[in-house]
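This report refers to the structure that appears directly beneath it.
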Amino acid sequence: MTTTTFTASAEARLAVARQVADAVLLEGYVLYPYRASAAKNRLRWQFGVLVPPSWTATAAEHEFQHTELLMEPRRGTVLSVEVRFLHARRRTVQRVLPDGDFETVGELRLADRVIVPWDEGREERVRLTVPVEELSGSGTVVPFGRPAGEETEPVADADGTVVGRLVRRHEAVEGLLRLSVSPLDGPYATQRLRVVVENTGEWLPEEGDDRDAALSRSLVATHTLLHLDAGGFLSLTDPPEWARGAAAACRNLHTWPVLAGEPDSRDLVLSSPIILEDHPAIAPESLGALYDATEIDEILALRTAALTDEEKREARGTDDRAAAVIDLTDSMPAEVLERLHGAVRGLREVTAPAPPVLRDAEGGLARPDTPWWDPGADASVDPAHDHVLVDGREVRAGSRVVLRPRLRHTDAQDLFLTGRRALVEAVLHDVDGGVHIAVTVEDDPGADIRREQGRYLYFQPDEIDVEAP
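In this note's numbering, the protein residues as written are 589 to 1057.
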């Protein structure tokens, strides 16, 4: 692979970003229950897959990622770039024959594990440092590649006797990294950086080739880390007011760039195949990677601990990373598991008056028929008829609106609803004084079911536009 030596400071800063980037690299790598035989582990490699240009059978996967973002480099600034991806290796299992030869088998059973065929992922990196001034105009193009190959690893039993071997084969992968910058119009010393990662493999699929054949020649879980040794990047999700137009004009295809590192830093960017917020971080309570997409540490740890001994043997034989998960959960002390149950991230002062204390005829505490937090406790609240003003116009049940989810403080899935028309079902007030607008999307085929079950989508007043009556 193309490599370069980073400065000690750049290496240290990129190491901070890798804490989250490692989770991106291995998102969904091996899902609970961590066994190759599990159905959901038979359709893998879901994020950031850059396929060879000739593979067109899967419209959801592409041969390139295109990142654009804004930066404010100082004179003489050096940009450090690290592209990371997984290179799939097909592992077959062979047992030794009496004559010393080997034959391929479906499994190899040992005392502590059951080894089965599996596709492993080996991390690959393309690293580059370049002065920003050299990226003007056509920029630079860096080709990279990895040749096909085969490796073998002997497998021994508890007595040290070789009982088989693992054969790992990988196909060739080829790609290009393109970098260029262009200045923005206006008085600000701001530049637009473009980073394109392409799969340029010349493999041509033959009749009968499936997605697995393409994956072996793909860049899997591809993402890019960027570092400026002076100056900084601008957030695309929360840019300064003067840069909002330029930020909106940035084209990001099949990737999502966010600021990385500490909350106040601007020298790092992670361009990720999954949607993240600026300055994403791993929860300090997490003791290690569990590899399950949107993983929930506590429930995964409990379920993993509940696997049978035979299931754990197969998990250990599936992959070294799966074996590490089993060992982690088996050795987790109870007090550490308790830390995963939940954490308070912030506190705020409550200024609303406390509900009155009710007493019965004997002076004891009385329990109200309706608790204070139930909407029925406040007769002034009527979600079906309440309204809220949006741009001076009343919005109530029956109003038609256009959804405009904010790029901050919102669920990532809501971003796919931008511009969709919706029907307001209710206007609700919470106990903290907030207003929430319950809607159903007009062209949602399941809107009637949502309405019957009361399972609405909720937005705040500044996340909608009111349609003209």
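Heads up, the beta-carbon is just placed ideally off N, CA and C, and yes, glycines get one too.
With a CB to CB cut of under 7 Å and the five nearest residues on each side skipped, what residues in its chain are close to residue i?
i: P1063; result: Nothing about residue 1063 can be read from this structure; the chain reaches only from 589 to 1057.
i: A609; result: R672, H811, L813 and L858
i: A746; result: A699
i: A744; result: V750 and V751
i: D1002; result: P993
i: L824; result: L657, A835, C838 and P845
i: A972; result: A985 and A1014
i: V729; result: L764 and R766
i: A777; result: E660
i: E649; result: V637 and V639
i: L888; result: Y620, L878 and D880
For residue i and residue j, I'd like the C-alpha separation in whole angstroms.
i: T590; j: T717; result: With a pLDDT of only 48 at T590, under 50, the local geometry of the prediction cannot be trusted, and no value is derived from it.
i: H975; j: T892; result: 48 Å
i: A922; j: L875; result: 13 Å
i: G774; j: P828; result: 15 Å
i: P621; j: R663; result: 52 Å
i: G796; j: T644; result: 14 Å
i: L807; j: R901; result: 30 Å
i: E925; j: A848; result: Looking at the sequence itself, residue 925 is Leu, so the reference to Glu does not match. Computed Cα separation, rounded: 28 Å.
i: A598; j: T788; result: 29 Å
i: E691; j: P1033; result: 54 Å
i: Y1044; j: G1022; result: 17 Å
i: L895; j: A603; result: 34 Å
i: G819; j: P641; result: 36 Å
i: T655; j: E786; result: 12 Å
i: V1019; j: E1051; result: 20 Å
i: S625; j: L619; result: 11 Å
Residues in its own chain within less than 8 Å of residue i by CB, not counting five upstream and five downstream?
i: E1030; result: R988, R1008, R1009, A1010 and L1011
i: S726; result: S768
i: Q779; result: L658, M659, E660, P661, V720, V769, S770, P771 and L772
i: Q607; result: A869 and I870
i: E982; result: H975 and V976
i: L723; result: L667, L767, S768, V769 and L781
Under 6 Å Cβ to Cβ from residue i, same chain only, skipping five residues before and after it: list those, please.
i: Y1046; result: H1024 and A1026
i: E695; result: V702 and V704
i: P735; result: A760
i: I862; result: F635
i: R632; result: none
i: P742; result: V750 and R753
i: S860; result: V612, H811 and W844
On the DSSP bridge list, what partners appear for residue i?
i: E1040; result: BP columns for E1040 are empty, so no partner.
i: N787; result: G763
i: F821; result: M659
i: D707; result: R678
i: T692; result: Q682
i: A571; result: The chain is shown only over 589 to 1057; residue 571 falls outside these bounds and no answer can be derived.
i: Y1046; result: A1026
i: F673; result: E712
i: P719; result: V666
i: A744; result: V750
i: F652; result: E786
i: Q779; result: M659 and P771
i: L638; result: H650 and L807
i: W844; result: S860
i: L814; result: V669 and V857
i: E982; result: L977
i: S724; result: V769
i: P731; result: L764
i: G737; result: H758
With a threshold of 16 other CB atoms inside 10 Å of the CB of residue i, please say whether the residue is buried or exposed.
i: D852; result: exposed
i: E898; result: exposed
i: Q653; result: buried
i: L841; result: exposed
i: R904; result: buried
i: D1053; result: exposed
i: D907; result: buried
i: W830; result: exposed
i: F1004; result: exposed
i: L977; result: exposed
i: R710; result: exposed
i: R783; result: Checking the sequence, you will find Val at residue 783 rather than Arg. Classification of V783: buried, given that the 10 Å Cβ count is 16 or more.
i: T843; result: buried
i: T917; result: buried
i: A596; result: exposed
i: D817; result: buried
i: R630; result: exposed
Check whether the stretch 908 to 925 touches the stretch 674 to 689, counting contact only when three or more Cβ pairs, one atom from each stretch, lie closer than 8 Å. When C-beta atoms of the stretch 908 to 925 are compared with those of the stretch 674 to 689, fewer than three pairs fall below 8 Å, so the two segments do not count as touching.
Specify whether the stretch 878 to 886 and the stretch 608 to 620 touch according to this definition: at least 3 beta carbon pairs, one from each stretch, less than 8 Å apart. The stretch 878 to 886, when compared against the stretch 608 to 620, does touch it at the 8 Å Cβ threshold.
Assess, as a yes-or-no matter, whether the stretch 696 to 704 is touched by the stretch 756 to 763 under the definition of 3 or more beta carbon pairs within less than 8 Å. No contact exists between the stretch 756 to 763 and the stretch 696 to 704.
Counting Cβ pairs closer than 8 Å, one from the stretch 624 to 644 and one from the stretch 802 to 810, do we hit at least three? Of all C-beta pairs linking the stretch 624 to 644 to the stretch 802 to 810, three or more are shorter than 8 Å, placing the two stretches in contact.
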